[in-house]
Amino acid sequence: MNTTRVDLKKVWVPALLLIILLLLAALPYARPGYTVVLVYTILMYIVLTVSWVIFSAPTGYISLAPAAFFGIGIYTSAILGMALPLPVVICIGGLASSCLALLVGALTLRLRGIYFTIFTLGLVELIKQFVLWYEIKFSGTRGRFLIPVGNNTIYYVMFAILVALLLTTYFIRRSKYGLALQSIGEDEEAAAHTGINVTLLKVITFAISAVFIGAAGAIWAIRLTYIDPYIAFDLNNSFMPVLMAIFGGMGQLYGPILGAAVFSYLREVLITRFPYYYMLLIGIILLVTILYLPNGLVGLIQKWHKRALGGQHANT
Amino acid sequence: MPILEGEGVTRYFGGLAAVRNVDFYVSQGEIVGLIGPNGAGKTTLFNLISGALVPKPGAIKFKGENITGAKPYQICKLGVARTFQSVKVFANMPVLENVLLGSLFGTSNSVSSADAAREATELLEFVGLSAMRAIPAKDLTLANQKRLEVARALATKPELLLLDELMAGLNPTEVAQAMELVIRIRDKGITVFMIEHVMKAIMSVCDRIMVLHHGKKIAEGTPQEIATSRTVVEVYLGE
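These protein sequence lines are chains A and B, in that order.
Heads up, the final residue of the first sequence is numbered 484 in my numbering, and it's a clean run with no missing numbers.
Heads up, the final residue of the second sequence is numbered 799 in my numbering, and it's a clean run with no missing numbers.
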């Protein structure tokens, strides 16, 4: 019985994934307009959350740097957007972010726990202030405009980034490096004495997670059309991935995806329906999640699954 | 030529000399014991050998090669594995994965995942944990967690194994099993350097014993010599 279930899972999961991806790819033809904007916003949050999870979930190093990487992507796009074709701009956005991550990682990943978290929080503020100073002093401007492109283009770029990210995540989790990242979170000292180059592994994974956040920022900039340092380096973009990952649950890969999708959809709905109370409602949802669903949506699903299985056994 | 050699190994913590000017050697195929009262610097010496700390000054050579200042993962890859006084298993990972990490990242750089899994399974059998391969490491008893640490260290395919108080906190039956395990490890051709407080164990298992006190080496010799040494008795029991 057990084997048949495993076999079913082997067919079911990829099939379901394929169907979802095909539906997403076809969406702009079926439902143009607002739906496309809504869905690429959700995709953007999934990209931020899953990227954050690649590094922070297994290692336990809680990074609040996503807003910095996102902002670097946004500014890459604002500066180069007119000079270079879009795909090149997106790639440079990702690379620029990962360069920052390599530098910051090499300097700070020896910090542990709360010290690392606070440093990354400070990093966002530091870069924001630096860009602001630079723009006013040398560019003589506070904000920049971007040439808009069609919603469908933004949608497909975000979709492509997400697919690349999911493939990367899948391969990292399956490889021996996925196991090694987990061991760093369990006991870094023991991991080092087991032959794992912990510093290199942390820095490279941190940089990989930054690539996708930077790329997402580069395309998001075009949707914003006007940006300044306060918009580009908005700390919300650091906190959202953390909240969404907690909301979804971090044990499985689908947890953060589900968390980001449901949470960002809820956010959109609440903003449009209850513009004055939406922050309050979001707060309540988060409190309830942490109090009653310590393992997020995944924990809830697993509980249901177990109960359903238990029922089956009782019947037979 | 000894497999491990230390010359004038010293390490201060602030003004306190945790290890002071210690010369030592371990020969291929030996079981060497390291004893001394609490705070004598035994674990610090292990940390210096395994790269967690760097001797200042002093030099440590492994198979004639100077490894002073090398990182822990480099020293592991050269063939020195260790266990920890306070067990450091990967608590939330299954027992098998704990050992698998050793096979995947130890001295052999490109081992296929199938080979690694086979090695890990064999090692679990070697230390007697086969039945528990799928449970999270945190659910094991202390004795079994210590065995798991040994299996993980052996999975890196070391030539020298540092055991830091393998038998502390174990009951007499478990101590006997651990002693037998140490002998079997030596029979595999792995040199063993072990810190131990359980005198019965160390006297019967070791070929040679070193005694540290206040960071200095005060005695060295066969178990008989150590047991009858006046200095050692004074250190342990007072004059």
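Using N, Cα and C, we set each Cβ at its ideal position, and we do this for glycine too.
| Query | Result |
| --- | --- |
| Neighbour list for residue 652 (chain B) in chain A, Cβ cutoff strictly below 7 Å | 354 |
| Residues in the stretch 328 to 356 of chain A having any Cβ partner in chain B nearer than 7 Å | 344, 347, 348, 350, 351, 354 and 355 |
| Interface flag, residue 365 (chain A) vs chain B, CB-CB below 9 Å | yes |
| When B:647, B:595, B:790 and B:774 are compared against residue 572 (chain B), the one with the closest alpha-carbon | B:774 |
| Residue 282 (chain A) versus residue 356 (chain A): straight-line alpha-carbon distance, rounded | 16 Å |
| For residue 564 (chain B), the nearest candidate out of B:617, B:638, B:570 and B:574 (CA to CA) | B:638 |
| Beta-carbon gap between residue 618 (chain B) and residue 568 (chain B) smaller than 9 Å | yes |
| Euclidean distance between Cα positions of residue 272 (chain A) and residue 744 (chain B) | 47 Å |
| Outcome for residue 361 (chain A) when other beta-carbon atoms lying within 10 angstroms are tallied against a minimum of 16 | buried |
| The stretch 310 to 327 of chain A touching the stretch 385 to 402 of chain A, judged by at least three CB pairs closer than 8 Å | yes |
| contact_flag[the stretch 462 to 472 of chain A, the stretch 413 to 424 of chain A] where n(CB pairs < 8 Å) is 3 or more | yes |
| Residues sharing a beta bridge with residue 751 (chain B), DSSP | B:720 |
| Cut-off 8 Å between Cβ atoms - residues of its own chain near residue 782 (chain B), not counting five sequence neighbours on either side | 767, 768 and 769 |
| Distance between residue 707 (chain B) and residue 458 (chain A) (C-alpha atoms, nearest Å) | 37 Å |
| Any C-beta of chain B under 9 Å from that of residue 360 (chain A) | yes |
| Anticipated Cβ contact below 8 Å, residue 643 (chain B) with residue 709 (chain B), distance rounded | 4 Å |
| Distance between residue 374 (chain A) and residue 211 (chain A) (C-alpha atoms, nearest Å) | 21 Å |
| Minimum Cβ-Cβ distance from residue 632 (chain B) to chain A less than 9 Å | yes |
| Integer Cβ distance of residue 725 (chain B) from residue 762 (chain B), believed to fall under 8 Å | That belief does not hold up - the Cβ atoms of residue 725 (chain B) and residue 762 (chain B) are roughly 11 Å apart, past 8 Å. |
| Endpoints, the alpha helix (DSSP H) within which residue 675 (chain B) is located | 673 to 687 |
| Under 7 Å from the C-beta of residue 706 (chain B): neighbouring residues of chain A | None at all; the shortest Cβ gap to chain A is about 13 Å. |
| Per-residue contacts from residue 666 (chain B) into chain A (C-beta, under 9 Å) | 362 and 363 |
| Segment contact flag, the stretch 217 to 230 of chain A with the stretch 409 to 416 of chain A, C-beta cutoff 8 Å, min 3 pairs | yes |
| Residues that residue 572 (chain B) bridges to, as DSSP identifies them | B:577 |
| 9 Å Cβ cutoff, residue 637 (chain B) in contact with chain A | yes |
| Inter-stretch contact (C-beta, 8 Å, three-pair minimum) for the stretch 231 to 244 of chain A and the stretch 257 to 277 of chain A | yes |
| Residue 772 (chain B) vs residue 596 (chain B) beta-carbon contact at 9 Å | yes |
| 9 Å Cβ cutoff met for residue 195 (chain A) and residue 207 (chain A) | yes |
| Beta-carbon proximity list for residue 171 (chain A), same chain, < 6 Å, skipping 5 on both sides | Only weak support is given to the placement of residue 171 (chain A): the predicted model assigns it a pLDDT of 48, under 50, and the value that follows is read from those uncertain coordinates. Excluding sequence neighbours, residue 171 (chain A) sits near nothing in its chain. |
| Span separating the alpha-carbon of residue 603 (chain B) from that of residue 626 (chain B) | 21 Å |
| Beta carbon proximity, residue 711 (chain B) to chain A, threshold 9 Å | no |
| Closest Cα partner of residue 705 (chain B) within the set B:669, B:686, B:636 and B:649 | B:649 |
| Proximity winner among B:689, B:796, B:715 and B:651, relative to residue 680 (chain B) (alpha-carbon distances) | B:715 |
| Beta-carbon neighbours of residue 678 (chain B), restricted to chain A and to distances below 7 Å | In chain order: nothing, as chain A lies at least about 15 Å away. |
| contact_flag[the stretch 690 to 704 of chain B, the stretch 655 to 673 of chain B] where n(CB pairs < 8 Å) is 3 or more | yes |
| Given residue 512 (chain B) as reference, the closest of B:594, B:635 and B:600 once Cα atoms are compared | With chain B represented from 561 up to 799, any question about residue 512 (chain B) goes unanswered, as that position is not in the structure. |
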